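Chain order of the listed sequences is A and H.
Residue 1 is where the first sequence starts when you use full-length UniProt numbering, and the numbers rise one by one after that.
Residue 1 is where the second sequence starts when you use full-length UniProt numbering, and the numbers rise one by one after that.
Think of the CB as a built atom: it goes at the ideal place given N, C-alpha and C, for glycine as much as any other residue.
In this text, all values refer to a predicted model and were calculated from it rather than measured experimentally.
Number of protein chains: 2
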Amino acid sequence: MTRPTRVTLYEVGPRDGLQSEAVTVPVPVKIDLINRLSAAGLTHIEAASFVSTKWVPQMADAEAVMAGIARDARVSYSALTPNLIGYTRAISSGADRVAVFASASESFSLRNINATIADSLIRFAPVLTTAEKDQVPVRAYVSCAFVCPYEGRIAPEAVLNVAQNLIDMGCYEVAISDTIGAATPADMARLLDQVLSHIPADRLAVHVHDTYGQALANILTALDYGIATFDSSVGGLGGCPYAPGASGNVATEDVLYMLNGLGIETGVDLDAIIETAWFISEALGHAPRSKLAMAKAR
Amino acid sequence: MTRPTRVTLYEVGPRDGLQSEAVTVPVPVKIDLINRLSAAGLTHIEAASFVSTKWVPQMADAEAVMAGIARDARVSYSALTPNLIGYTRAISSGADRVAVFASASESFSLRNINATIADSLIRFAPVLTTAEKDQVPVRAYVSCAFVCPYEGRIAPEAVLNVAQNLIDMGCYEVAISDTIGAATPADMARLLDQVLSHIPADRLAVHVHDTYGQALANILTALDYGIATFDSSVGGLGGCPYAPGASGNVATEDVLYMLNGLGIETGVDLDAIIETAWFISEALGHAPRSKLAMAKAR
């Protein structure tokens, strides 16, 4: 249990963040956002989601966004792809990586994607087979890894089971996700004790929401377990569909401030991220949802 | 370095919190706030400040507030007292404990109370002598224990020096204070490494502001050092005079949620605190400054 000296911040603001905002920003704003994020030094940016536009209308412009990005060779642009149709669209649009998502909660899986956990894995199989052929890295999200809005606490064994399946199917990394932001450091420790006994830390990422303000404490705990990839969202973009008015993903700038203080390298420029947090928040018509950005008001 | 099984939350909302709010709430609201806090199970409440009303007009009603509280025998009501005049007013008003404040930063001390650190300690001496005679416990705050808005980083040795002086002068507890909320867990660890080599954990409290969102991560670190008293402010009351729009003290409900998750006892009812956060925030005309209260919107 030693903290990493270098951490990868996996920016999910343009996808997970914007997808949960009430306002849909125009394509040029999305492109500008992604370009600002790459200029700030982020090397992993989830740029779009190729899901059915019927379900997520905020992401109907995914092709246009991908086409408009000023590509930076140091950056890997990823896209969420629930199935082979989405995968094909994503790759045609120039995505470097793709991501699939499963849930650790049966109830959430059924309500969110209308499939059991087992069926959802079967659905992804063609994506993974094709991606392997295409040599496209596939990331996986395991949602409700701590608490489910329908079932309550989720057993660490259930999370390990789904994560192991996804690794076995060929995913290079599994992002353990606190979808509703309800975990505390004790939950994080309990889960990592279980999962790390079977899956090495370098195949895991931690994806936390800051709904209950626990995100940084949870990340600090995960760092102590050697986790070195964290998902975050500039300006704390996004929200929580189960708690109107609540925070979304942990803010990139809040994580970065802590990592800087801990002497952990990221290659990301804090001031540029704060500036970007204000840029996108103004486009959305609300204040940034991060304490740091609010303290550094323009 | 083992975490405590029980923690004392020292509620500073009615004093440190309200003193930094733009709006001054009427006496009955202050009294109602304090009564709600004691009903929620808090046993240490800083209820008022007996400083010069010229400097802190928000606290000019300290006597009326103290006189109006529905006293709960389980609760210790404390008051900030910068000098013997303040001390006498506080004790006449029924304060169970008093608190003095010094700074670990010379520049901050000079600008904030117009005295060097050494002179400020000399000023408190009569308060401590009289309190000892009266058997009134005296708490001390050491402000700018991590970062000073004028000097930047403060050496842990400077903090230890002031804290040791205050203990030697008779203070039962020293609250190490991150006045501008700029510390990260690395700063907390560095400081506690130094201070705990000379002062036992049960003579220390940690008082953090959440300006940069680091408060819970810092508290988690302090818990790992065995610190068992934390200051907090219902609804995250207060602000930061050096960063308009920024957060104030760490919110009692955010700390409590984490402690509950960690299985650490406090005797405080989370739902009652959230309800109180909304009550006082509505009286102040703004939303609570805690993610938890926002997630549990009425």
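Inset, instruction - For Ala295/A, decide whether its Cβ has a neighbour in chain H, counting only Cβ atoms nearer than 9 angstroms. - result: Mapped onto the first sequence, residue 295/A falls at position 295. Yes, its Cβ sits closer than 9 angstroms to a Cβ of chain H.
Inset, instruction - Confirm, please, whether the CB-CB distance from Val234/A to Glu265/A is below 9 angstroms. - result: Numbered from 1 along the first sequence, position 265 holds the residue referred to as residue 265/A. Numbered from 1 along the first sequence, position 234 holds the residue referred to as residue 234/A. Contact: no.
Inset, instruction - Run down chain H in chain order and give the residues with a C-beta less than 7 angstroms from the C-beta of Ala217/A. - result: Taking the first residue of the first sequence as 1, we reach residue 217/A at position 217. Those within 7 angstroms of Ala217/A in chain H are Leu216, Ala217, Leu220, Met258.
Legend entry - For Glu265/H, the residue or residues it bridges with in DSSP: On the second sequence, position 265 is the one that residue 265/H refers to. According to DSSP, which records beta bridges pairwise, Glu265/H is partnered with Arg6/H.
Inset, instruction - Using alpha carbons as the reference points, say which of Ser232/H, Gln164/H, Arg6/H, Asp187/H lies closest to Ser247/H. - result: Reading the second sequence from its first residue, position 247 is the one you call residue 247/H. Taking only the C-alpha atoms, the option nearest Ser247/H is Ser232/H.
Inset, instruction - Tell whether a beta-carbon distance below 9 angstroms holds between Arg36/H and Asn83/H. - result: Numbered from 1 along the second sequence, position 36 holds the residue referred to as residue 36/H. Numbered from 1 along the second sequence, position 83 holds the residue referred to as residue 83/H. Cβ distance not < 9 angstroms, so Arg36/H and Asn83/H don't count as in contact.
Legend entry - Check whether Ala47/H and Arg15/H have beta carbons under 9 angstroms apart: For the purposes of this step, residue 47/H is taken as the residue at position 47 of the second sequence. For the purposes of this step, residue 15/H is taken as the residue at position 15 of the second sequence. A contact, by the Cβ cut-off of 9 angstroms.
Legend entry - Residues sharing a beta bridge with Asn249/H, DSSP: Taking the first residue of the second sequence as position 1, residue 249/H is located at position 249. Note: Asn249/H sits in a beta bridge opposite His209/H.
Inset, instruction - Let me know the secondary structure DSSP gives Tyr87/A once reduced to three states. - result: Sequence index remark: in the first sequence, residue 87/A carries index 87 (1-based). Helix at Tyr87/A.
Inset, instruction - Output yes if chain H places a C-beta closer than 9 angstroms to the C-beta of Pro4/A; else output no. - result: One-based indexing of the first sequence puts residue 4/A at position 4. Not an interface residue.
Legend entry - Whole-number beta carbon distance between Val174/A and Leu204/A, since they are thought to touch under 8 angstroms: Counted from its first residue, the first sequence places residue 204/A at position 204. Counted from its first residue, the first sequence places residue 174/A at position 174. Their Cβ separation, rounded to whole angstroms, is 6 angstroms, which keeps Leu204/A and Val174/A in contact under 8 angstroms.
Inset, instruction - Mind listing, in chain order, the continuous alpha helix (DSSP H) runs of no fewer than 4 residues lying wholly within the segment 165 to 189 of chain H? - result: none
Legend entry - Cβ contact (3+ pairs, closer than 8 angstroms) linking the segment 51 to 59 of chain A and the segment 276 to 289 of chain A: no
Legend entry - Length of the line joining the Cα atoms of Val98/A and Val142/A: Here residue 98/A refers to the residue found at position 98 of the first sequence. Here residue 142/A refers to the residue found at position 142 of the first sequence. Spanning the two alpha carbons is a distance of roughly 15 angstroms.
Legend entry - Exposure of His44/A, with buried meaning 16 or more beta-carbon neighbours within 10 Å: Numbered from its first residue, the first sequence carries residue 44/A at position 44. Buried, since its Cβ has 16 or more Cβ neighbours within 10 Å.
Legend entry - Under 7 angstroms by beta carbon: chain H residues contacting Ala186/A: Residue numbering aside, residue 186/A sits at position 186 when the first sequence is read from its first letter. Gly261, Leu262, Gly263, listed in chain order.
Inset, instruction - Express the C-alpha separation of Arg74/A and Thr179/A in angstroms, rounding to a whole number. - result: Locating residue 179/A in the first sequence gives position 179, counting from the first residue. Locating residue 74/A in the first sequence gives position 74, counting from the first residue. Thr179/A and Arg74/A: Cα-Cα distance of roughly 29 angstroms.
Inset, instruction - Starting from the Cα of Glu275/A, find the closest Cα among Met258/A, Leu259/A, Ala295/A and give me that residue. - result: Translated into positions along the first sequence, residue 275/A becomes position 275. Of Met258/A, Leu259/A, Ala295/A, the residue nearest in Cα terms is Ala295/A.
Legend entry - Backbone CA spacing between Pro185/H and Leu223/H [nearest angstrom]: Sequence index remark: in the second sequence, residue 185/H carries index 185 (1-based). Sequence index remark: in the second sequence, residue 223/H carries index 223 (1-based). Using only the alpha carbons, I get a separation of about 11 angstroms.
Legend entry - Separation of Arg3/H from Tyr172/A, as counted between CA atoms: What you label residue 172/A is simply residue 172 of the first sequence in a count that begins at 1. What you label residue 3/H is simply residue 3 of the second sequence in a count that begins at 1. So the alpha carbons of these two residues sit roughly 36 angstroms apart.
Legend entry - Chain-ordered neighbours of Asp210/A on chain H, where CB pairs are closer than 7 angstroms: Locating residue 210/A in the first sequence gives position 210, counting from the first residue. In chain order: Lys291.
Inset, instruction - With DSSP collapsed to three states, give me the class of Glu132/H. - result: Reading the second sequence from its first residue, position 132 is the one you call residue 132/H. Helix, per DSSP.
Inset, instruction - Thinking Glu21/A and Gly238/A are a contact (beta carbons under 8 angstroms), I'd like their distance in whole angstroms, please. - result: Looking up residue 21/A in the first sequence gives position 21. Looking up residue 238/A in the first sequence gives position 238. At roughly 7 angstroms, the Cβ-Cβ gap stays under 8 angstroms, so Glu21/A and Gly238/A are in contact.
Legend entry - C-alpha distance - Asn161/A paired with Ser78/H, whole-angstrom precision: Taking the first residue of the first sequence as position 1, residue 161/A is located at position 161. Taking the first residue of the second sequence as position 1, residue 78/H is located at position 78. Whole-angstrom Cα-Cα distance: 52 angstroms.
Inset, instruction - Could you confirm whether any beta carbon from chain H is found closer than 9 angstroms to the beta carbon of Ala40/A? - result: Along the first sequence, one-based indexing puts residue 40/A at 40. No, Ala40/A lies away from the interface with chain H (no Cβ there is under 9 angstroms from its Cβ).
Inset, instruction - Identify, in the order they occur along the chain, each residue of the same chain with its Cβ nearer than 6 angstroms to the Cβ of Asp210/H, setting aside the five sequence neighbours on each side. - result: Stepping through the second sequence from its first residue, residue 210/H is reached at position 210. Answer for Asp210/H: Gly181, Ser247, Val250, listed in chain order.
Legend entry - Cut-off 6 angstroms between Cβ atoms - residues of its own chain near Gln194/A, not counting five sequence neighbours on either side: Looking up residue 194/A in the first sequence gives position 194. Pro156, Leu160, listed in sequence order.
Inset, instruction - Pull up the CB-CB distance for Val27/A and Ala70/A, whole angstroms please, since I reckon it's below 8 angstroms. - result: Mapped onto the first sequence, residue 27/A falls at position 27. Mapped onto the first sequence, residue 70/A falls at position 70. Not confirmed; about 14 angstroms, so no contact.
Legend entry - Cross-strand partners of Arg153/A (DSSP beta bridge): To locate residue 153/A, count along the first sequence from 1; it is residue 153. DSSP output for Arg153/A lists Val147/A as bridge partner(s).
Inset, instruction - Give the range of the alpha helix (DSSP H) segment to which Ser281/A is assigned. - result: For the purposes of this step, residue 281/A is taken as residue 281 along the first sequence, with counting starting at 1. Run containing Ser281/A: 270 to 284, per the alpha helix (DSSP H) assignment.
Legend entry - Cα-Cα separation between Ala95/A and Phe279/A, rounded to whole angstroms: By 1-based counting over the first sequence, the position of residue 95/A is 95. By 1-based counting over the first sequence, the position of residue 279/A is 279. The straight-line gap from Cα to Cα measures roughly 25 angstroms.
Inset, instruction - Can you say whether Lys30/A is buried or exposed, counting buried as having 16 or more other CB atoms within 10 angstroms of its CB? - result: One-based indexing of the first sequence puts residue 30/A at position 30. Looking at its Cβ environment, which holds 16 or more other Cβ atoms inside 10 Å, Lys30/A is buried.
Legend entry - Straight-line gap, Val7/A to Phe230/A (C-alpha atoms, nearest Å): Start at 1 with the first residue of the first sequence, and residue 7/A comes out as number 7. Start at 1 with the first residue of the first sequence, and residue 230/A comes out as number 230. Val7/A and Phe230/A: Cα-Cα distance of roughly 8 angstroms.
Inset, instruction - Leaving aside the five residues before and after Gly68/A along the sequence, list all residues of the same chain whose C-beta is less than 6 angstroms from its C-beta, in chain order. - result: On the first sequence, residue 68/A is found 68 positions in, with the first residue counted as 1. Answer for Gly68/A: Ile31, listed in chain order.
Inset, instruction - Note down, in chain order, each residue of its chain lying with its Cβ closer than 6 angstroms to the Cβ of Ala104/A, except the 5 sequence neighbours on either side. - result: Here residue 104/A corresponds to residue number 104 of the first sequence, with the count starting at 1. Val142, Cys144, Ala145, Ile154, Ala158, Val159, Val162.
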